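First comes the structure, then the notes that go with it.
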Amino acid sequence: MENFILYEEIGRGSKTVVYKGRRKGTINFVAILCTDKCKRPEITNWVRLTHEIKHKNIVTFHEWYETSNHLWLVVELCTGGSLEMVIAQDENLPEDVVREFGVDLIAGLHHLHQLGILFCDLSPGKILLEGPGTLKYSNFGLAKVEGENLEEFFALVAAEEGGGDSGENALKKTIKGRVKGSLTYTAPEILRGTDFSITSDLWSLGCLLYEMFSGRPPFFSESFSELIEKIFYADPLPPFPKDSSLPKASSDFINLLDGLLQKDPQKRLTWAGLLQHSFWKDAFARRDHESSTEDSIVSSGKVMEHSGTQDSKEVLKPSGQAKGDKSGQRLSQSFRLENPAELRPRSVVGGQPNESMFLLSSRPTPRTSSAVGLSPGEDRTQHSPQKASPLTKIASEPLSQQDLESQMRELIYTDSDLVITPIIDNPKIMKQPPIKFDPKILHLPAYSVDKLAFLKDQDWNAFLQQVCSQIDSTEKSTGASRAKLNLLCYLCVVTGHREVATRLLHSPLFHLLIQHLRIAPNWDIRAKVARVIGLLASHTTELQENTPVTEAITVLTELIRENFRNSKLKQCLLPTLGELIYLVATQEEKKKNPRECWAVPLASYTVLMRCLREGEERVVNHMAAKIIENVCTTFSTQAQGFITGEIGPVLWFLFRHSTVDSLRITAISALCRITRHSPTAFQNVIEKVGLNAVINSLASAICKVQQYMLTLFTSMLSCGIHLQRLIQEKDFVSTIIRLLDSPSTSIRAKAFLVLLYILIHNHEMLLLGCQARYDFL
Ligand code: 3RJ
């Protein structure tokens, strides 16, 4: 049996997760969709319809598997995301791009219709992009062959799974209503109860073309009844781009949309009319000459032959129907829905495949900046508690329960729980263009970083002298301000090198920069000065005792406090404040006898807590959470400073209420790390929001979050907080047991550890665990 390596999660739907994957031993990258078994009807339908299709505009099916709790669908990988994402990012696309995308959409849809397949639930989220901009139809969960009853098929598949022990009618009830997709793109006749048809797919296609150009669908409302009203009766506004300075739609395009968005299906454009429409210029005719392969392209000649009649439906009916057998004959047996039992995912002879055939690549992401690449002995996460493997000890000596638990405690926080990524210039928090400088107005030799790192003392001093005197000069003209900004940009570039950063931080320049932060006459200069200081801090490898870091921290704190309403300013200053505090924390942790050389004023913690609150901009929240995440990775007084009664609930609030995954992950990771110092942080969360809410979050979270939450729970169990409650909570135990099936190795390992705690303290749970079909023992 072949294995797959799972890389990052790339997408998610309800009850499905999509991973980028690779077939082990090859360099074939694929998408792997892992779904709950309740999606069996949709997935089976998807497979039956697409397993024989090979077309450039349709996501290719490779294989499918079944494991104890999941179905796994291995299909073509599209790295460009969905059309929905592209529209959301760009707001609207120029007409030429709509035409290009439209050609792909038409090629794919025409191929499906020729096979007798209706897509039925066309929406921008179901169109994926690959390579140099090829659009592909994905997600055939609700597609079907014209004329068939999908509800019946779903009921048959579900009955097949239920082993026939439930009444068929009861099953039908749960299936009813499942075969409906997104209303926004649904044709009026479907809403009136007519069956899906070729022409109803063409309506949806019209909606997509309209939305690509204008950024919004032709009919839209938050209210269900108003949306239906609009689809039935409203004439859509002519499409115009959101940005009114962009060109308006051409009359060809307006005419095409008008043809596709005809409410009366009889009056709607047919395939013949669509392909010949002047909007496409000669796109289809030309492609016909270029390519003669049957599967790659819509050939207008072929279409003409089939759809010379007004009703192109007749030509495309599937096998067994009176007319149009021609295309229907192409469908193989398994396209038909009578016998779903023949359509089963792969499983191993004599048993089910193990979920571990899908191995998650669990390497932590290194710091992104290349200049801080740590050599192996210097891994910033080395201070996690496990120094030598405690497992070796477990294996060789008999242990008391107490010993065992203390050994287990050392397994709770793993390196991947303690990964550090930068606070400053972190693209997950805020995307920023790379910094550039102009060597022509740099009034000193523009040494490259590599040159600078190996400058002889004499040359270095001369260089430093020049930098300092230019920073210190008062800028009398705009030209002088520009030159100073340019110098600061140059410094931003060279501080990426660890040697250079360490040298500069311990030079008089650092003091000068702090002064400037306080007195510079304009905010542009202050913001750049702050950025230089932040980069110095994040790249410096060691700190000498007399360096005025506390002074820098104090000035930054004061500036933020005095201008607290100014969000942009906070976004410039917070990362620097954070990198400085983190630098101090790592240095203190390194020292054998820590002494507070670089105290962080109380006001800094107060300011950071305010930045974490509800009502602040997302980026500000994210920066503050990231600072806590990094600083609390260390065992230092700086980390202790964040421990307050409210920190747990505040981070939990951010985690629960943010809509951005990267911020949610930072918030839960920060909570995880602070709980290592003070388990009451998570205890306060449980007390405030209730254990059930926390368990539910664990069950439904994305991988990374599940990992942190498992660490949080293990941490609680290990110090006895809520121990009695947790070990008797069936929902908790069953959630943990389900996580033993996670595709992530870390999660499975952590779930195992939690289960061990539970079993040590509650022997009865062993039985419950086994009842829950847990059969690993
Ligand atoms: C196949 C089923 C997906 C998604 C699509 C649930 C992305 C964001 C950025 C980059 C790529 C993707 C992506 N790529 C895919 N390539 N191949 C697939 C798995 C189609 N997918 C998604 N999201 C889904 N299609 C069906 N269910 C889906 C999520 N986002």
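All the letters of the sequence shown, read from the start, carry residue numbers 631 to 1407 under my numbering. By construction, the Cβ of each residue, glycine as well, lies at the ideal position given by its N, Cα and C atoms. All of these numbers come straight from a predicted model, not from anything done at the bench.
In the DSSP assignment, Asp1361 falls within the unbroken alpha helix (DSSP H) covering Lys1360 to Leu1369. Annotated as proximal: Ala1215 and Val1261, with beta-carbon spacing under 7 Å. Shown here, Ile1042 sits in coil according to DSSP, grouped into three states, outside any helix or strand.
Of the other Cβ atoms in all chains shown, fewer than 16 fall within 10 Å of the Cβ of His1393; this residue is therefore exposed.
Boundaries of the beta strand (DSSP E) harbouring Glu760: Ile757 to Glu760, taken from the DSSP string. In this structure, DSSP gives Asp666 an extended state, which the three-state scheme calls strand. Closest option to Phe826, judged by alpha-carbon separation, among Ser844, Leu748, Val1124 and Leu759: Leu748. Thr1206 is positioned such that its CB atom lies closer than 7 Å to that of Ile1163. For Trp694, the enclosing beta strand (DSSP E) covers residues Phe691 to Glu696. Relative to the Cα of Ala902, the nearest Cα in the group Phe914, Lys1070 and Leu891 belongs to Phe914. Apart from sequence neighbours up to five positions away, the residues of its chain that approach Pro1069 with a beta-carbon distance below 6 Å are Ala1076, ordered along the chain.
In chain order, His1307 place their CB closer than 7 Å to the CB of Gln1270, counting only its own chain and leaving out the 5 sequence neighbours on each side.
DSSP, read as helix, strand or coil, puts Tyr1077 in coil. Residue pairing by DSSP places Thr646 opposite Gly643 and Thr665 in a beta bridge.
Spanning the alpha carbons of Ser1266 and Ser1234 requires a straight line of approximately 16 Å. In this structure, DSSP gives Ile1163 a helical state, which the three-state scheme calls helix. Ile1257 is a Cβ neighbour of Ile1053, given a cutoff of 7 Å. In terms of Cβ geometry, Cys708 and Glu778 do not form a close pair [threshold 7 Å]. Distance from the Cα of Cys1122 is smallest, within the candidate group Phe1382, Leu1165 and Ile1332, for Leu1165.
Ordered along the chain, residues surrounding the ligand 3RJ are Ile640, Gly641, Arg642, Gly643, Thr646, Val648, Ala661, Leu663, Val689, Leu703, Val705, Glu706, Leu707, Cys708, Thr709, Gly710, Gly711, Ser712, Met715, Lys756, Leu758, Ser768 and Asn769 [Cβ under 7 Å from any heavy atom].
According to the DSSP secondary-structure assignment, Lys766 is paired through a beta bridge with Leu758. Lys774 has Leu748 as its beta-bridge partners, per DSSP. Taking C-beta atoms as the reference points, Phe770 and Trp676 count as a pair closer than 7 Å. Non-local C-beta neighbours of Asp1361 in its own chain, meaning closer than 6 Å and more than five positions away in sequence, comprise Ile1325, ordered along the chain. For Trp702, no alpha helix (DSSP H) segment is defined; the enclosing uninterrupted segment is the beta strand (DSSP E) at His700 to Glu706. Glu638 sits in a strand when the DSSP states are folded into three classes.
Inter-residue distance for Val1363 and Ile640 is about 29 Å (C-alpha atoms, whole angstroms). Between Phe1285 and Ile1304 the beta-carbon gap is near 13 Å, outside 8 Å, which marks them as no contact.
For Ile1351 and Ile1183, the gap between their C-alpha atoms comes out near 36 Å.
If the five residues before and after Gly1208 are omitted, its C-beta is found closer than 6 Å to the C-beta atoms of Ile1053 and Ile1257, all from its own chain and listed in chain order. The Cβ atoms of Leu758 and Ser768 lie closer than 7 Å to each other. For Lys1256, the uninterrupted alpha helix (DSSP H) run begins and ends at Arg1248 to Val1261, by DSSP. Exclusion of the five residues before and after Glu1129 leaves Ala1083 as the residues of its chain whose Cβ lies within less than 6 Å of its Cβ. Beta-bridge annotation (DSSP): His685 is paired with Ile688.
With respect to the 7 Å criterion, Phe1312 and Met1346 are classified as neighbours on the basis of their beta carbons. In this chain, the alpha helix (DSSP H) harbouring Arg1128 covers Arg1128 to Leu1135.
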